[in-house]
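**Q** First residue of the sequence shown? That's 24 in the working numbering, and the numbers climb one at a time after it.
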Amino acid sequence: MHVPEGAPLYGRDPLLRSLVPRLTGLAYDERSRTVREHQGDLPVVLVTGHHGMGRTAVLDELASRYAGRLPLARVRAVPAESEVLPSASADGTAPVASTLAGLLTELVCGLGPGLRRHFPVLVPGLFAVSGWHRGNAEQRDAACLRCARLLLACRLAGGDENALRHTWATAVEGRLEAVEAVEAVEAVNAVNANVDTGTDTDADTDAGTDTDADTEQSRQALGGALVAEYVDRYRPTAAQEWYRSRFPQGVRERDPLVVLGEWFRQGGDYRHAAEQSLVAAFLHDVAASYGRLQRWNREPWPLVLLDDAHCAAGRDFLQLLLEHRALPERPDHEELVVVATRLGGPPDGTPDAVRRDLAELVRSSGWERKGLAPSAGLLTVPLTPLARDDILPLLVRDRPAPPLHPHLASAVHSLTGGHPAVTTVLCAAVLDATERGRSVGPRDLLGLGTGDGRPVGEAVLERLLPDRRQRDRLTMLSLARDSTAAEALADHLRLQGPDQLPANSATDYLEDQQWQQHTDPDRPLVTDPLLRTLLVHEARRTTQGAADGRGWHEIHRFLQLHHAQRGESGEADALRHMLAAGNAETVVATLTEEFQSEQDEQAASHWLLCLRYAATAPTPPTGEWTDERTQVALGAHDRRYSNLHEIERCVNRLLHAQWHVSEPHAQPDPDMCRAVGEELAFLSPRHPSWHAVLSQAARSWPVAARQKRPFPIPGQ
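1) Among the candidates Leu657, Asp371, Gly605 and Tyr257, whose CA atom is the shortest distance from the CA of Thr639?
2) Count the other CB atoms within 10 Å of the CB of Glu298; is the residue buried (16 or more) or exposed (fewer)?
3) Taking Thr795 as the reference, give the member of Arg54, His679, Thr79 and Arg662 with the closest Cα.
4) Given a threshold of 16 other Cβ atoms within 10 Å of its Cβ, counted over all protein chains shown, does Asn675 qualify as buried or as exposed?
5) Does the distance from the CB of Leu502 to the CB of Leu582 come in under 8 Å?
6) As an exercise, report each continuous alpha helix (DSSP H) stretch of at least 4 residues that is fully enclosed by the segment 569-653, in chain order.
7) List the residues that DSSP assigns as beta-bridge partners of Val361.
8) With distance defined between alpha-carbon atoms, name the residue in Arg486, Ala482 and Leu329 nearest to Ser121.
9) The beta strand (DSSP E) with Ala100 in it runs from where to where?
10) Suppose you measure from the CA of Ala96 to the CA of Glu129; what does that come to, to the nearest Å?
11) Would you call the segment 407-420 and the segment 54-68 touching, i.e. three or more CB-CB distances under 8 Å?
12) Is Asp237 helix, strand or coil by DSSP?
13) For Asp331 versus Ala100, is the C-beta distance shorter than 8 Å?
14) Out of curiosity, what's the CA-to-CA distance linking Val202 and Asp339?
15) Roughly how many whole angstroms lie between the Cα atoms of Asp412 and Tyr33?
16) Roughly how many angstroms separate the alpha carbons of Tyr89 and Val98, rounded to a whole number?
17) For Trp324, count neighbouring Cβ atoms within 10 angstroms of its own Cβ and tell me buried if that reaches 16, exposed if not.
18) Within 8 Å (strictly less), CB to CB, does Glu60 reach chain B?
19) Taking 6 Å as the limit between beta carbons, can you name the residues of its chain near Asp227, skipping five residues before and five after?
20) Taking buried to mean at least 16 other C-beta atoms within 10 Å of its own C-beta, is Gly572 buried or exposed?
21) Could you check what DSSP says for Thr447 in three-state terms: helix, strand or coil?
22) Determine the contact status of His576 and His586, defining contact as a CB-CB distance below 8 Å.
23) Tell me whether His710 is buried or exposed, calling it buried when 16 or more other Cβ atoms sit within 10 Å of its Cβ.
24) By the DSSP assignment, the beta strand (DSSP E) with Leu405 in it spans what residues?
25) Label Trp319 either buried or exposed according to how many other C-beta atoms from any shown protein chain fall within 10 Å of its C-beta, with 16 as the threshold for buried.
26) Pull up the DSSP beta-bridge partners for Thr71, would you.
27) Alpha carbon to alpha carbon, how far is Leu384 from Pro259?
28) Using CA coordinates, which residue listed in Leu614, Glu357 and Gln162 is at the minimum distance from Arg672?
29) What is the DSSP secondary structure of Ala171, counted as helix, strand or coil?
30) When the Cα atoms are used, what is the spatial distance from Asp83 to Thr116?
31) Taking the continuous alpha helix (DSSP H) assigned at Trp155, which residues delimit it?
32) Buried or exposed: where does His740 fall if 16 or more other Cβ atoms within 10 Å of its Cβ makes it buried?
33) Within the continuous alpha helix (DSSP H) that includes Trp286, where are the two ends?
34) According to DSSP, simplified to helix, strand and coil, what is Val549?
35) With a 10 Å radius around its C-beta and 16 neighbouring C-beta atoms as the bar for buried, classify His688 as buried or exposed.
36) Based on DSSP bridge pairs, tell me the residues matched to Arg378.
Below, the structure written as structure tokens:
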């Protein structure tokens, strides 16, 4: 399959070739220094966008360009339940982290080999907050593997990471057992001393024995053993003094690494203070790696690439980093370049963040810290969709072949809205189909397949909606008009919800995935046009020939009856589902009857609204319906309807023309646009009170169809 290259990166040059080089001091694709834009204070660059907008592609490109040329760390934040063992990413993929400590570990592993100092303050702190519950082998292996990777990255040890992991697990657990044995002997001696002196011996004599492996006391003891093992091996005196200066006077007599671990495991405000110390230690070590010589030689600043920063680990790291940089008396002026990505838009509660479009980054970021709010250190850059001119190069074939449809690029853009991932898949599918000799028109796009034989709609929906259960649920519920209709349909189809109504669960999922916010119960469940189009097409494909009331026609008949019960307010929806089920004759008859019987001048707007909305109906599956809209609209089948009154024949042509031009992803057919105006103009003088309204629609609707704008309703 021919895969067009670089679609997610079209239009990203201001970020890749201008902004990041000015922040790092290193040119994008040349082995040369470049002028830095900021000195002493850098913004955190947060790249935002929906699924498939190219967020990860931007980081991939930066990683490929800068790896080996400056200290670089690439990490992907993931939900807490997604990570078991840390990965060394030997396969070239970005390592993942689900916690702040795990993320800092990956940053050390990425940046450590390229920095002059190998994190002498942070690494002891990461050991201090590591640990596991006694008896939990999975936790032990994960913690010790992280410790082994830290030691190897910082050149504190050598050899194989698995062997080093096993060595540390054995040493720490052996040290803990020795401490517990001593404590047990001391406890027994104390009991015997109490008996000899006649002291009350009703106290629990098992106080010095092993407690349950899952208790927090056991974990604290194990953490202390891990710290003791590290201190005995590496004597981190300078690090201990650095952490001691951050604690209150009352605990400064104790080992600060032990206190750091206790506060971290205690949670709440204590954990937040411990995490502040860890991030401060990270930035301190980075700053200490750039002395006068490095600055005089204009060595490029280190680069951190953080993907999916909306997950907890990434969110916590960025917040703590921004808080540290906002301190009025900032102790360390590290110049670490951070480019992070976030699903959706900028985070809430960042009023002082600076927002810049891609085009504004060519010569300057326009960022300057204003105020001491943490969000003042944030520069957000939303990724924009591709333009039509960006799509045309993706449809260029490698070897001579018959020309493609002249409006194919426009059709792809109309369908996708310039969404990079969907555009890339569709263009690849077009080239793949034409190489096999198939002629592809604008209306064929969603019927194409990928190189492995899967339908393109199925392939892109898996990427845009990762949760299969919610994706399957939304495929069906996308056919409903609103939440009420969706719940009725869910009940009819016996869709099960996890802990709430299926429609509510589906909208919560869409909001969680940043596709929409605050879904209006009177609006469609899926508000994004592209996503809704893909879901409806997938429903058309998967329901064809289905039984048990789950077929396309059965679903739309059920929804038609649901809306018909609402009376006049549900008429437009009922007609739309009737047309989606392929019953155009009844829709025409209903519209004709209203045209001939309704005399109220105000009713003209309602009639046009019903016509306009009904014509947005999705077409039935091709195997169960033949598309003759063009022929009917242009009068080629008028002889078939010779028994009908001329008004009904006109409404029939008008409905089919309107249905044809209302498809969101198809280029407007000039003949169909003209037919809409001509049929409305024919009807205008044939109604006693609707003449003005229909005459105005006859002029404005063909223009709206050609320009793919909403069809205006006169008087509204």
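Glycine is no exception: its CB is placed at the ideal position from the N, C-alpha and C atoms.
**A** Here's the rundown:
1) Of the candidates Leu657, Asp371, Gly605 and Tyr257, Gly605 places its Cα closest to the Cα of Thr639.
2) So Glu298 ends up on the buried side.
3) The structure shown does not extend to residue 795, since the chain is modelled only from 24 through 739, so no value can be given for it.
4) The residue is buried, with at least 16 neighbouring Cβ atoms inside 10 Å.
5) Between Leu502 and Leu582, the C-beta spacing is below 8 Å.
6) Fully contained in the segment 569-653 are the following alpha helix (DSSP H) runs of length 4 or more, in chain order: 575-587, 594-603, 607-620 and 626-637.
7) Answer by DSSP bridge pairing, in chain order: Val327.
8) Of the candidates Arg486, Ala482 and Leu329, the one whose C-alpha sits nearest the C-alpha of Ser121 is Leu329.
9) Leu95 to Ala100 is the extent of the beta strand (DSSP E) around Ala100.
10) Rounded to the nearest angstrom, the two C-alpha atoms are 7 Å apart.
11) Short answer: they don't touch.
12) Unreliable positioning characterises Asp237 in this predicted model, as indicated by a pLDDT of 49, which lies under 50. A coordinate reading is not provided.
13) Against a cut-off of 8 Å, the Cβ pair of Ala100 and Asp331 comes out as a contact.
14) Approximately 35 Å, taken between the alpha carbons.
15) Taking the straight line joining both Cα atoms gives about 10 Å.
16) Taking the Cα positions, Tyr89 is about 15 Å away from Val98.
17) When all chains shown are included, Trp324 counts as buried.
18) No chain B appears in this structure, which consists of one protein chain only.
19) Bear in mind that a pLDDT of 46 at Asp227, under 50, signals an unreliable position, so the model cannot answer this.
20) Under this definition Gly572 is an exposed residue.
21) Reduced to three states, the DSSP call for Thr447 is helix.
22) Contact flag unset, no.
23) Classification of His710: buried, given that the 10 Å Cβ count is 16 or more.
24) Here the sequence assigns Pro to residue 405, which means Leu is not the residue at that position. Run containing Pro405: Leu401 to Pro405, per the beta strand (DSSP E) assignment.
25) So Trp319 counts as exposed.
26) When beta bridges are read from the DSSP output, Thr71 appears opposite Arg365 and Pro405.
27) Their backbone Cα atoms lie some 44 Å apart in a straight line.
28) Of Leu614, Glu357 and Gln162, the residue nearest in Cα terms is Leu614.
29) Ala171 sits in a helix when the DSSP states are folded into three classes.
30) If you take the alpha carbons of Asp83 and Thr116, they lie about 9 Å apart.
31) Segment: none, Trp155 is in no alpha helix (DSSP H) and carries neither H nor E.
32) Residue 740 lies beyond the stretch modelled for the chain, which goes from 24 to 739, so this question has no answer here.
33) First-last of the alpha helix (DSSP H) with Trp286: Pro279 to Gln289.
34) Note: Val549 maps to coil in three-state DSSP.
35) Buried, because 16 or more other Cβ atoms sit within 10 Å of the Cβ of His688.
36) Beta bridge pairing from DSSP links Arg378 with Thr403.
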